[in-house]
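Participant: Here it is, the structure, as structure tokens.
Protein chains: 2
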Amino acid sequence: MEKTSIPKVVIARLPVYIQKLNQLMREGRESVSSQEMAEYLGVTSAQIRKDLSFFGGFGKKGVGYDVINLLESLRSILNLNQIWEVVLVGVGKLGQALLSYQGFSRKGFEIVMAFDNDPNIIGQTIAGVKVRDVSEMQNLTCPRNIPIAILTVPAGNAQEMADQLIHCGVKAILNYAPVTLKVPEGIRLANIDPVLSLQTFTYYL
Amino acid sequence: MEKTSIPKVVIARLPVYIQKLNQLMREGRESVSSQEMAEYLGVTSAQIRKDLSFFGGFGKKGVGYDVINLLESLRSILNLNQIWEVVLVGVGKLGQALLSYQGFSRKGFEIVMAFDNDPNIIGQTIAGVKVRDVSEMQNLTCPRNIPIAILTVPAGNAQEMADQLIHCGVKAILNYAPVTLKVPEGIRLANIDPVLSLQTFTYYL
Chain A
3 MEKTSIPKVV IARLPVYIQK LNQLMREGRE SVSSQEMAEY LGVTSAQIRK
53 DLSFFGGFGK KGVGYDVINL LESLRSILNL NQIWEVVLVG VGKLGQALLS
103 YQGFSRKGFE IVMAFDNDPN IIGQTIAGVK VRDVSEMQNL TCPRNIPIAI
153 LTVPAGNAQE MADQLIHCGV KAILNYAPVT LKVPEGIRLA NIDPVLSLQT
203 FTYYL
Chain B
3 MEKTSIPKVV IARLPVYIQK LNQLMREGRE SVSSQEMAEY LGVTSAQIRK
53 DLSFFGGFGK KGVGYDVINL LESLRSILNL NQIWEVVLVG VGKLGQALLS
103 YQGFSRKGFE IVMAFDNDPN IIGQTIAGVK VRDVSEMQNL TCPRNIPIAI
153 LTVPAGNAQE MADQLIHCGV KAILNYAPVT LKVPEGIRLA NIDPVLSLQT
203 FTYYL
């Protein structure tokens with residue numbers, strides 16, 4: 003099946019399945035019902051069964067899903083059985099927090115390079131990563147073919163940084179700048195802007 | 003119309019409309035077509051017209067939407083013409099970055115209290131907010147009726163903090179802890195976990 007023929011929302015739910023399955027595994031659970039997965043994800047159990055049917059049959063009627071089997075399968079589907087290199091651009095307060103966040107490497111995402119334009123930050127080593135001058139970014143990243151970038155730069159710099167990274171082979175960008183980037187087809191983009199979430203809350207408050 | 007009768011995905015798009023309209027206003031633009039909005043949001047122009055039809059007619063055939071009118075209307079629909087008080091729990095590196103982030107107050111979200119359990123952080127003032135002992139959280143927040151909380155605590159503490167905040171009147175939680183929280187019906191919850199986004203990328207890479 004073509005990768006793009008599975009709905010994006012289904013793919014976006016798979017990491018949440020993995021989160022839940024990891025938790026169940028730590029608790030020593032051997033199986034889980036579609037109903038329990040459904041409650042965790044806030045969807046129907048029919049939706050769970052439909053999601054997983056895209057990738058083949060996993061469950062047994064009346065028994066549910068084998069936790070370890072399903073976890074291994076989903077990790078394999080998402081290509082998570084390898085280390086993914088990540089470049090981080092923008093080492094302000096948020097960038098520093100992300101560099102220090104151990105949740106990335108624990109999940110197989112290794113920030114291997116970091117860039118900034120502030121002379122006070124350039125040269126510092128944060129969580130084992132030396133911050134380099136952003137003017138060297140293309141020279142240093144192009145040869146390494148790093149597939150993923152995290153952008154924690156001001157809104158005004160984000161598009162230019164994205165363009166440079168894509169030019170150097172980056173295929174997916176996690177963008178924290180409060181601006182919508184334009185990227186060529188085939189480049190994956192996800193935006194993390196907490197203000198957008200807060201502004202959705204206030205509709206209901 | 004009942005607030006909950008409009009699809010959540012429509013409400014979640016409105017802040018992105020506002021982001022685009024703000025940009026157009028800064029550029030001095032007076033009107034915008036549904037086609038241009040559609041390209042920005044990555045949906046069809048029919049979807050844009052359908053979204054906005056939930057709230058009444060805004061556009062004129064052949065002219066498009068009046069930028070300032072639509073912006074004012076959407077801001078009013080989302081209740082953004084007021085200051086919203088926010089409490090932040092967990093003043094580690096990420097919490098400190100969020101406290102210092104000016105994008106919140108610029109958009110009408112004011113972090114008025116911050117709590118942590120680390121004696122080295124308690125008592126410090128960060129971006130004008132004094133960090134208080136989390137053991138005082140209920141005493142200090144309950145009387146103030148703060149509607150929104152940002153959770154930047156470790157996964158293991160997140161549910162207990164959420165429970166305490168909801169007990170004290172918090173109605174919406176922006177959760178950065180990598181765990182899915184259980185909240186009563188009627189409480190709004192949004193999760194920000196960058197690893198989930200990265201794990202979605204790797205499917206396509």
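Protein sequence lines correspond, in order, to chains A and B.
Quick note: the first sequence uses the numbering used here, first residue 3, plus one each step.
Quick note: the second sequence uses the numbering used here, first residue 3, plus one each step.
Note that the Cβ used here is the ideal one computed from N, Cα and C, for glycine as well.
#1: Report yes if the CB atom of I150 of chain A is closer than 8 Å to the CB atom of A174 of chain A, and no otherwise.
#2: If N81 of chain B and L207 of chain A are in contact, beta carbons under 8 Å, what's the gap, nearest whole angstrom?
#3: Got a sec? Which residues, its chain only, sit under 6 Å from I123 of chain B by beta carbon, not counting five neighbours each side?
#4: Step through the CB atoms of chain B and report whether any lies within less than 8 Å of the CB of I150 of chain A.
#5: Does DSSP put T143 of chain A in a helix, a strand or coil?
#6: Starting from the C-beta of I20 of chain B, find all residues in its chain whose C-beta is less than 8 Å away, skip the five residues before and the five after it, and write them out in chain order.
#7: Report the three-state DSSP secondary structure of Y205 of chain B (helix, strand or coil).
#8: Pull the bridge partners of I150 of chain B from the DSSP assignment, please.
#9: Below 8 Å CB to CB, which residues in the same chain sit around V136 of chain B once its five sequence neighbours on both sides are set aside?
#10: Considering R51 of chain A, what are the terminal residues of the alpha helix (DSSP H) in which it resides?
#11: Just to confirm, are A160 of chain B and L96 of chain A a CB contact at a threshold of 8 Å?
#12: When DSSP builds the beta bridges, which residues end up paired with A192 of chain B?
#13: Select from the segment 113-137 of chain A all residues with a C-beta closer than 9 Å to any C-beta belonging to chain B, and list them in chain order.
#14: Determine, for A48 of chain A, whether the minimum Cβ-Cβ distance to residues of chain B falls below 8 Å.
#15: When the cut-off is 8 Å and only beta carbons count, does A164 of chain A lie next to chain B?
#16: Return the CA-CA distance between I113 of chain A and P145 of chain B, expressed in angstroms with no decimal places.
#17: Between T204 of chain B and chain A, is the shortest Cβ-Cβ distance under 8 Å, so that the two count as touching?
#18: Among the residues of its own chain, which have a CB less than 6 Å from the CB of V172 of chain B, if the five just before and after it don't count?
#19: Measure the C-alpha to C-alpha separation of V65 of chain B and P186 of chain A and round it to an integer number of angstroms.
#20: With 8 Å set as the bound, which would you pick, yes or no: does the beta-carbon of Q201 of chain B sit closer than that to a beta-carbon of chain A?
#21: For G66 of chain A, which residues does DSSP report across the bridge?
Facilitator: Taking the geometry as given:
#1: As a working mapping, residue 150 of chain A is identified with position 148 in the first sequence. As a working mapping, residue 174 of chain A is identified with position 172 in the first sequence. Their beta carbons are under 8 Å apart, which means I150 of chain A touches A174 of chain A by this criterion.
#2: Here residue 81 of chain B refers to the residue found at position 79 when the second sequence is read from its first residue. Here residue 207 of chain A refers to the residue found at position 205 when the first sequence is read from its first residue. N81 of chain B to L207 of chain A, Cβ: 7 Å. Contact.
#3: Here residue 123 of chain B refers to the residue found at position 121 of the second sequence. So the list reads V93, V133, once near-sequence residues are dropped.
#4: By one-based count along the first sequence, residue 150 of chain A stands at place 148. It does; some Cβ of chain B falls within 8 Å.
#5: Within the first sequence, residue 143 of chain A is the residue found at index 141, counting from 1. It is helical.
#6: In the second sequence, the residue the question calls residue 20 of chain B occupies position 18. If we look at I20 of chain B and ignore the five residues flanking it on each side, its Cβ neighbours are L73, L76, R77, L80, L82.
#7: The sequence position of residue 205 of chain B within the second sequence is 203, counting from 1. Of the three classes helix, strand and coil, the one that applies to Y205 of chain B here is helix, per DSSP.
#8: Taking the second sequence and counting its residues from 1, one reaches residue 150 of chain B at position 148. DSSP, once it has assigned bridges, lists B:V88, B:A174 as partnering I150 of chain B.
#9: Looking up residue 136 of chain B in the second sequence gives position 134. These residues qualify, in order along the chain: V91, F117, D118, N119, M163.
#10: If you number the first sequence from 1, residue 51 of chain A lands on position 49. R51 of chain A -> alpha helix (DSSP H) spans 47-55.
#11: Along the second sequence, read from residue 1 onward, the residue named residue 160 of chain B stands at position 158. Along the first sequence, read from residue 1 onward, the residue named residue 96 of chain A stands at position 94. No, the pair does not count as a contact, with Cβ atoms beyond the cut-off.
#12: To locate residue 192 of chain B, count along the second sequence from 1; it is residue 190. Note: A192 of chain B sits in a beta bridge opposite B:L176.
#13: none
#14: The residue you call residue 48 of chain A lines up with position 46 of the first sequence. No, A48 of chain A lies away from the interface with chain B (no Cβ there is under 8 Å from its Cβ).
#15: In the first sequence, residue 164 of chain A corresponds to position 162, counting from 1. By this cut-off, A164 of chain A is not an interface position.
#16: What you label residue 113 of chain A is simply residue 111 of the first sequence in a count that begins at 1. What you label residue 145 of chain B is simply residue 143 of the second sequence in a count that begins at 1. Looking at the two C-alpha atoms, the distance is approximately 43 Å.
#17: Residue numbering aside, residue 204 of chain B sits at position 202 when the second sequence is read from its first letter. With 8 Å as the cut-off, T204 of chain B counts as an interface residue toward chain A.
#18: Here the question's residue 172 of chain B lines up with position 170 in the second sequence. A151.
#19: Translated into positions along the second sequence, residue 65 of chain B becomes position 63. Translated into positions along the first sequence, residue 186 of chain A becomes position 184. Taking the straight line joining both Cα atoms gives about 29 Å.
#20: Reading the second sequence from its first residue, position 199 is the one you call residue 201 of chain B. Yes - at least one Cβ of chain A is within 8 Å of the one on Q201 of chain B.
#21: Within the first sequence, numbered from 1, the residue matching residue 66 of chain A stands at position 64. Answer by DSSP bridge pairing, in chain order: A:K62.
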